[in-house]
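Reading the sequence shown from the start, the letters are residues 1 to 593 in full-length UniProt numbering.
We treat Cβ as the ideally placed atom computed from N, Cα and C, and that holds for glycine.
The structure displayed is predicted, hence computed values, not measured ones.
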Amino acid sequence: MRLWRSVVGKLWATFLILVSFVLFILTIMLLEFFENYHIDQTEKGLTNTANKIARILEEHDRDVGLEIAWELVDDVTKVIIIKGDDEYYYSPNDDNAFELPLSYLHDDKELRAVFTENKPVKKVSSYFAIDDEQIDDPDILIIGVPLPESNSEDGAVFIYQSLEVMQETTQSTTQYILLAAGVAIVLTTIFAFFLSTRITSPLRKMKEAVSAAAKGNFDTKVPYLSRDEIGELAIAFNRMGRQLKYNMDALSQEKEQLASILSSMADSVFTFSKDGEILITNPPADRFLYNWEYEQGNEHNRTVPPLVMELFQSAVETESEQIAEINVQGRNWVMIISPLYNDKYIRGAVAVIRDMTEERQLDKLRKDFIANVSHELRTPIAMMQGYSEAIVDDIAGTEEDKKEMAKVIYDESLRMGRLVNELLDIARMEAGHIQLTKEAIDVKPFIKKIVRKFQGLAKEKNIQLQESLESKGVWSSFDPDRIEQVLTNLIDNAIRHTPEGGEVIVSEQSNDRGLIIEVIDSGSGIPGEDLPFVFERFYKADKARTRTKGRSGTGLGLAIAKNIIDAHKGQITVQSKLGQGTTFSIFIPRNND
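Shown next as structure tokens:
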């Protein structure tokens, strides 16, 4: 089957069909020509012979004339001389030769005209009847000429010959033509395969070059050995390969530049098709999708917020830029979606999503800083002032009451001292004056020691505190005192915000990049709108700032923790769902010098 699908097979079949058709038409025409030619020549020869016999019979007496007449005919030609109803003569022949009956000559309408109209006649016949017996014989050509009136009033010379000899000649001619046709077909096949090989050899090389180009190898060259159309095709193919390689290199370079630009952008960038399918994203966009999926609880679905799709549809329908804001995991995002055009038609849209949380946060901090500081200082100052006045005015009647008031004043002064010290620590850290004493620490016993400090507080609140650590020994370089300060703050916060019966898990894992420590609780969680501010100074999820027993604090612990982790060139992040718990993650890189 591959032969018929190839160029060789098609060319061979084309040549074969063409030659066969020409030979078929030529054979029919030659056979028709030879048949007509033989009949015409035989007819002329028989007519001349019949006329000669008629003249001989006129010029000589009967016996001499018949003897001469019989000499004029050969073995395949038969003669009947009729001089009257009772006088007729047959040419001598062998015993097996068929003799034309006289009745047929007199009864046949066409042949009878030689007697009735005294004119020459001719006929080709293959059917006779003798004594009511039908005789089938090969075609016979019958020629009849009238005898001169001086010889016989009702006489004629009939000469006839079987056409079987001509048919044998035709068959011989047909055999020669078929033999010539066979030789022509063989020569045509050899010529077709030779020609097709000359054509298909470079075509096969071009096919191999095209297959290589389809796999990305544009350096393949097609050799051109001739200057005909195939050679020009090879030259054009090589030129096309060079141009494709140049274009592909240019496209690859542009693609790399675009990917570099998108990767280095701080804003999230999405490119949508006209059907709303995401085509291109950059790393910030992937992080945006991850946070959105985490918030919705459908991880790894790669879906965008409905508001983004609404803006996309509006941008495509109105062919204008659309702007809106969205809140994901407590962070504020400004979305700008613009349509993309392909000449005159819209082929999609591009969305740029910018994280405006820092700007909103700075604006909020600017407004809340004075209120936060004044609130944190006003309460202890007011309590110290009130109790001191009570002591001065002798309101406390007993020595025990005075000691209790003095104890409150002392506690509030300590709280004010801690607040001032923490503010000074934050100021020094933000100014870059923090001093780290890094050591190579075995992480597993280090975390176990910190967790052990909170086991008593956890049991008191009926909270299950446990660690999930890697079995193998992991060593990391960091300042143990500072990291213990961070973990102490995180674990203390987790226990204070987890209800009875809950659990707090401290997990640790490491990879080639560094050390990851997570503090996971099943507590009340943090509202989404507050997540961006948890590491800011004076942040408290309690908006009323009531001092619930066991939950009081300055709101500076997480801010200090963040500065300590930043000093280690690491990261501290938070993920939380209201009512489902909170996860604080610390990453300390392996190389943080």
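In the structure shown, G581 adopts extended strand secondary structure according to DSSP, grouped into three states. Here F446 is buried, its C-beta having at least 16 other C-beta atoms within 10 Å.
Closest in C-alpha terms to V420, from the list G557, N493, D401, comes G557. Around the beta-carbon of P339, 16 or more other beta-carbon atoms lie within 10 Å, marking it buried. A straight-line Cα-Cα distance of about 12 angstroms links L279 and A285. Residue pairing by DSSP places W333 opposite I326, D355 in a beta bridge.
Excluding its 5 nearest sequence neighbours in each direction, D267 has C-beta neighbours in its own chain below 7 angstroms: P284, V352, I353, R354, listed in chain order.
About 15 angstroms separates the CB atoms of F584 and E536; that is not less than 8 angstroms, and the two are not in contact.
Secondary structure note for S507: its beta strand (DSSP E) is the uninterrupted segment 503–510.
With contacts defined as CB atoms closer than 9 angstroms, V506 and E467 qualify as a contacting pair. When the Cα atoms are used, V443 and V474 turn out to be separated by approximately 6 angstroms. Among the bridge pairs identified by DSSP, I143 is matched with K122, I159.
In terms of Cβ geometry, I346 and K274 form a close pair [threshold 9 angstroms]. Runs of the beta strand (DSSP E) spanning 3 or more residues and lying entirely within the segment 251–316 occur at 268–273, 278–281, in chain order. Counting every other CB atom within 10 Å of its CB across the protein chains shown gives V222 a total of 16 or more, marking it as buried. The C-alpha of V183 lies about 37 angstroms from the C-alpha of D75.
A Cβ-Cβ separation of about 19 angstroms leaves T488 out of contact with I526 under the 8 angstroms criterion.
The C-beta separation of L72 from Y88 comes to about 18 angstroms, leaving the pair out of contact by the 8 angstroms criterion. The beta carbons of L465 and Q455 sit closer together than 9 angstroms. Here Q455 carries a helix assignment [DSSP, helix/strand/coil]. Minimum Cα-Cα distance from L178 among the listed residues G144, A259, T42, F21 corresponds to F21. Linking V534 to A559 through their CA atoms gives a straight-line distance of about 8 angstroms.
In this structure, the alpha-carbon of S314 lies about 8 angstroms from that of S320. Rounded to whole angstroms, V392 and E400 show a C-alpha spacing of 15 angstroms. Linking E358 to V574 through their CA atoms gives a straight-line distance of about 16 angstroms.
The shortest CA-to-CA distance from K215 to any of G241, E500, P305, M384 is the one to G241. In the structure shown, K78 adopts extended strand secondary structure according to DSSP, grouped into three states. Counting of Cβ neighbours within 10 angstroms places P532 among the buried residues, the total reaching 16 or more. S103: member of the alpha helix (DSSP H) spanning 102–107, first to last residue. The three-state reading of DSSP puts G348 in strand, counting E and B together.
Burial state of Y387 is buried, judged by a 10 Å Cβ sphere holding 16 or more other Cβ atoms. Under the criterion of beta carbons closer than 8 angstroms, E484 and I441 do not qualify as touching, at roughly 10 angstroms. In this structure, R482 lies near L436, with their beta-carbon atoms less than 9 angstroms apart. Rounded to the nearest whole angstrom, the CA to CA distance from P120 to S172 is 32 angstroms. Residue pairing by DSSP places Q466 opposite I505 in a beta bridge. Taken in chain order, the complete alpha helix (DSSP H) segments of 4 residues or longer contained in the segment 26–97 are 62–72.
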